[in-house]
Every structure is written in structure tokens, then in C-alpha cells.
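Student:
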Amino acid sequence: TPFQAALITCIISNLGEAPAASLAVQGALLTFMLSSISFGLSLLLVVAVCKREYLETFKTAFPQPVIYGFFVAIGLAMIDSSLKVVVGEDILTACWNNRICFLQCVASLLCGLLNRFGSRYLHHYLALPGLLMAEIAVVYVCLAACGVSVEEARDDGWLFDSVSTGSVLTLPANYVAHPIGDVWGLVSSQIWSILASMIVVLWVDLAAGTVVPIEASAGGELNMRSELARAGFTNLACGSTGGGVCYMSLSPTRLNEDAGGGSSRLSLVFSILTSSVWLVCGGSVLEFVPKPWAAGMLLHLAFGYILEGAWDPRYVLTRSEFVVIFLITIAYIAKGMIVSILLGCILCCM
């Protein structure tokens with residue numbers, strides 16, 4: 001995916017092509033690939049074994065405070081990831097010591113806020129695509145006005161370097177030079193963390209983040225069997241071609257609405273179009289993508305999660321439930337996603 005390619009390109013540009021960096025990148029990509037295949041198989045197994053009525057009850061398996069707390073936690077995680085794509089691993093140090101990095105983070109946050117609130121208040125399916133195209137135009141106009149060439153902008157970190165399409169199958173041969181045994185040792189050391197994350201976080205996200213919140217505005221319940229089956233096949237295909245965990249839905253879910261989707265047919269057409277462009281053009285497209293613009297797309301979703309978890313339910317939840325959301329957020333900052341979600345479930349059962 002473009003986000004995965006951007007992330008891997010950022011890692012490579014920061015770590016270089018040293019053997020240790022090469023092993024780390026190959027291990028990360030192999031982890032993405034195996035996680036996607038495992039997640040797809042688990043979804044298809046659940047669809048094959050469970051009856052439809054059991055799948056429908058899955059949507060109500062998590063207490064509301066846990067779902068909203070998860071929204072806030074995943075929003076914070078997405079903010080962190082998006083800014084790391086722009087300035088590297090140590091965000092605060094980079095912004096403090098480098099004025100350009102600080103400006104890049106500010107531009108990323110502005111793009112994210114514009115995307116979030118523009119699509120929130122401009123109720124039209126073309127609002128978000130229009131904003132995204134306008135942001136790219138503004139970036140290049142600003143570069144031209146400052147007399148900065150494309151090559152200089154790329155050297156300063158405003159544009160991405162083109163390394164690969166972000167797949168373990170498409171990295172240059174001289175970069176991926178480690179035997180599978182060395183890489184597997186790196187991946188297997190994190191296997192339990194991968195499985196726990198897949199089971200807890202991804203399943204909560206699948207149920208709470210995509211299917212449930214939009215059902216009221218969809219005019220009826222969504223079919224969980226078709227949702228899970230479609231997501232399972234998509235992850236198998238993505239993992240088999242070297243990609244990471246993904247979620248594909250043609251239903252009127254919250255994520256599709258946030259991404260600017262209008263109808264199932266239109267979403268399918270644009271999905272095929274963008275996927276084809278990415279597969280054909282690959283990393284050459286990435287060379288002209290502004291980093292703040294790419295981060296702003298992810299920040300758009302991140303701000304949406306935070307608003308949905310901390311602001312929108314203010315008239316629905318009690319003070320004690322907001323305390324649970326706050327504790328989940330603190331636990332995420334201190335100990336990570338898995339601990340925060342498990343803590344929320346325990347608190348709601350007390």
C-alpha cells in the first residue's frame with residue numbers, strides 16, 4: 001500500500017543500507033506479510049465455522065467505553081506513526097533541533113485538520129478528494145514561490161525518495177540480501193506480540209471501528225458474514241503479494257465515509273483505479289508525493305478516531321465511563337495498545 005511504501009521508504013532513508021538496517025526492514029516487511037495472511041485465514045475460518053447470528057452478536061462483544069477508549073488510543077498511535085513518516089523516529093528531537101522538520105510537522109497537522117473538518121462540514125463525496133488535490137497544488141506552489149526545486153525539496157525531506165513499492169517482494173536485490181533463516185529469527189522473537197495484537201486490536205477495530213458506528217445512518221444492519229469474508233480474501237491476496245494487514249469494505253462504513261466514499265460502485269471504481277496506478281507506476285509515484293500530504297491523510301483518520309472517542313459520545317456516556325476512556329488512553333501511552341484494551345475490558349467487568 002502507499003502508506004506502507006512511505007513508511008518503509010522513511011525507514012530506509014533514516015537507517016541507510018547497512019546490513020542491520022537491511023535485516024530490520026526485511027523482517028518488518030515479512031512480519032507485515034505473515035500478519036496479513038494469518039489474519040485473512042482467521043477471518044475465513046470464523047466465517048466458515050460460525051453461523052450468521054453468532055457473527056452478528058460479535059459486534060456487541062465489547063463494552064462501549066472500551067470501544068471509545070480504543071478510538072482515542074488508535075488515534076494517538078496514528079498521529080505518532082504519521083509524524084514519524086515525515087521526520088523520522090524521534091519526533092520531538094527532530095522538531096526541536098531542525099526548523100524544517102518542525103515546519104513539516106506543522107504542515108502535516110494542518111493538512112490533517114483541514115481534511116478532517118473539511119469533510120466533516122462539507123457534506124459532499126467530492127469534498128475530501130478536492131481538498132487532497134488542493135493541498136498538493138498548494139505545496140508545489142509554495143515550493144515554486146520559495147524558489148525550491150523538486151530535487152532540493154526531496155533533499156530537505158518535503159518529498160519522498162523512491163525506493164520500492166513497500167513490499168518484501170519488491171525491494172532491490174542488493175538491499176534484501178539476508179537468508180530467510182536470519183529474518184525468521186527476528187520475526188519469531190515477536191510472534192506472540194504479533195498474535196496478541198492481531199487478535200485483540202485488529203478484531204476490536206474491525207468490529208468497532210468500521211462496522212458498528214455507521215449502521216444507524218446506513219438504514220439497516222450490515223451483513224457481518226460478507227464483511228468478514230471480503231476482509232479475509234483481501235488480506236490473503238495482500239499478504240500473498242507481500243503487503244500488510246488491510247481492510248476492504250464496499251459497505252457504508254465509517255472509514256469509507258471518512259475516506260470520502262459516496263457509493264459502493266464509485267468506491268469500487270476508484271479502488272481499482274488507484275490500485276492499478278500503484279501496481280503499474282510503483283515507487284515512481286512516491287517521488288512526487290509531499291510528506292505532509294501523506295501524513296495528513298493518516299491524520300485525517302486519526303483526528304476522526306479521537307473525536308469519535310472523546311468528544312462525540314459526551315452526551316451518551318457517564319463520567320465513570322469517561323474515566324475508563326481516560327485510563328485506557330494513559331495505559332496506551334505508558335504500556336501500549338494491548339495492555340490498554342485489556343485494562344479497559346477488566347475495568348468494565350468490575
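Using full-length UniProt numbering, you'd call the opening residue of the sequence shown number 1 and step up by one each time. Heads up, the beta-carbon is just placed ideally off N, CA and C, and yes, glycines get one too. All values derive from a computational prediction rather than experimental measurement.
From the DSSP output, which residues share a beta bridge with Pro-290?
Tutor: Answer is Leu-159.
Student: Do the segment 305-315 and the segment 122-129 make contact, defined as three or more Cβ pairs closer than 8 angstroms?
Tutor: Cβ pair count under 8 angstroms is below three, so no.
Student: Determine the DSSP secondary structure at Ala-208, reduced to helix, strand or coil.
Tutor: Residue placement at Ala-208 is flagged as unreliable, the pLDDT there being 49, under the threshold of 50; the coordinate-derived value follows with that caveat. Correct three-state label for Ala-208: helix.
Student: Thinking C-beta only, is Gly-232 closer than 8 angstroms to Ser-36?
Tutor: Their beta carbons are not under 8 angstroms apart, which means Ser-36 does not touch Gly-232 by this criterion.
Student: So is Ile-346 buried or exposed if we call it buried at 16+ other beta carbons inside 10 Å?
Tutor: So Ile-346 ends up on the exposed side.
Student: Taking only three categories from DSSP, how would you classify Pro-65?
Tutor: Correct three-state label for Pro-65: helix.
Student: Compute the minimum distance between the beta carbon of Leu-128 and the heavy atoms of the ligand PLP, and state whether it is under 7 angstroms.
Tutor: The ligand content of the structure shown is nil, which means the ligand PLP is not present either.
Student: What residue does the alpha helix (DSSP H) around Met-224 start on, and which one ends it?
Tutor: Met-224 -> alpha helix (DSSP H) spans 224-240.
Student: So for Thr-318, helix, strand or coil by DSSP?
Tutor: Coil, per DSSP.
Student: Where do the N-terminal and C-terminal ends of the alpha helix (DSSP H) with Val-141 fall, by residue?
Tutor: Looking at the DSSP string, the run of the alpha helix (DSSP H) that includes Val-141 is 127-145.
Student: So Cys-101 is in the alpha helix (DSSP H); what residue range does that whole segment cover?
Tutor: First-last of the alpha helix (DSSP H) with Cys-101: 99-121.
Student: Of all the CB atoms in chain D, is at least one closer than 8 angstroms to the CB of Val-316?
Tutor: Judged by its chain identifiers, the structure shown contains no chain D, having just a single protein chain.
Student: Keeping to the same chain, check which residues put their C-beta closer than 8 angstroms to that of Asp-156; ignore five residues upstream and five downstream.
Tutor: So the list reads Ile-100, Val-148, once near-sequence residues are dropped.
Student: Are the CB atoms of Val-106 and Trp-293 within a distance shorter than 8 angstroms?
Tutor: No, they are not a contact pair.
Student: Can you tell me whether DSSP reads Trp-311 as helix, strand or coil?
Tutor: It is coil, neither helix nor strand.
Student: Please report the straight-line C-alpha distance between Leu-342 and Phe-39, rounded to a whole angstrom.
Tutor: Leu-342 and Phe-39: Cα-Cα distance of roughly 20 angstroms.
Student: Using the beta-carbon count (16 or more within 10 Å), is Ser-217 buried or exposed?
Tutor: Only weak support is given to the placement of Ser-217: the predicted model assigns it a pLDDT of 42, under 50, and the question is left unresolved by the model.
Student: Is it a yes or a no for the segment 72-85 touching the segment 329-338, going by three-plus beta-carbon pairs under 8 angstroms?
Tutor: Flag = yes, the segment 72-85 and the segment 329-338 touch.
Student: Going straight from the alpha carbon of Ser-275 to that of Met-297, what length do you get?
Tutor: Answer to the nearest angstrom: the Cα atoms are 17 angstroms apart.
Student: Check each candidate in Cys-246, Gln-64, Glu-227, Ser-108 and name the one with the smallest Cα separation from Ile-325.
Tutor: Comparing Cα positions, the closest option is Gln-64.
Student: Looking at the structure shown, is Cys-349 part of a helix, part of a strand, or coil, going by DSSP?
Tutor: Three-state result, Cys-349: helix.
Student: Can you check which of these residues, Phe-322, Gly-336, Cys-349, Lys-291, is closest to Ser-82 by C-alpha distance?
Tutor: Nearest option by C-alpha distance: Lys-291.
Student: Does DSSP put Leu-299 in a helix, a strand or coil?
Tutor: Of the three classes helix, strand and coil, the one that applies to Leu-299 here is helix, per DSSP.
Student: Would Tyr-315 be called buried (16 or more neighbouring beta carbons within 10 Å of its own) or exposed?
Tutor: With fewer than 16 other Cβ atoms within 10 Å, it is exposed.
Student: Using C-beta distances below 6 angstroms, list every residue in its chain close to Glu-321, excluding the 5 sequence neighbours before and after it, in chain order.
Tutor: For Glu-321, where only same-chain residues beyond five positions count, the Cβ hits under 6 angstroms are Pro-65.
Student: Once the 5 residues before and after Gly-344 are set aside, which same chain residues still bring their CB inside 7 angstroms of it?
Tutor: Result list for Gly-344: Pro-65, Val-66, Gly-69, Val-324, Ile-328, in chain order.
Student: For Gly-118, which residues in the same chain have their Cβ closer than 8 angstroms to its Cβ, ignoring the five residues on either side in sequence?
Tutor: Ala-127, Leu-128, Leu-131.
Student: Between Cys-111 and Leu-299, which are expected to be in contact by the criterion C-beta below 8 angstroms, what is the C-beta distance as a whole number of angstroms?
Tutor: Rounded, the Cβ-Cβ distance is 7 angstroms, consistent with contact.
Student: Tell me the DSSP secondary structure of Ala-216 in three-state form.
Tutor: For Ala-216, the predicted structure reports a pLDDT of 40, less than 50, and the residue's modelled location is therefore unreliable. A value from the coordinates is still provided. DSSP places Ala-216 in helix when its eight states are reduced to three.
Student: For a quick check, are the C-beta atoms of Val-289 and Leu-159 less than 8 angstroms apart?
Tutor: Closer than 8 angstroms, so yes.
Student: With 16 as the cutoff for other CB atoms within 10 Å, does Asn-97 come out buried or exposed?
Tutor: That one is exposed.
Student: Kindly list the residues whose CB is nearer than 8 angstroms to the CB of residue 354, restricted to its own chain and excluding five residues on each side of it in sequence; keep chain order.
Tutor: Because the chain is modelled from 1 through 350, residue 354 falls outside the range shown and cannot be assessed.
Student: Just how far apart, CA to CA, sit Glu-287 and Asp-161?
Tutor: Between Glu-287 and Asp-161, the C-alpha separation is close to 5 angstroms.
Student: Whole-angstrom Cβ separation of Gly-336 and Met-33, contact assumed at under 8 angstroms?
Tutor: Actually they do not touch by this definition, with Cβ atoms about 22 angstroms apart.
Student: Three-state secondary structure (DSSP) at Gly-244?
Tutor: Coil, per DSSP.
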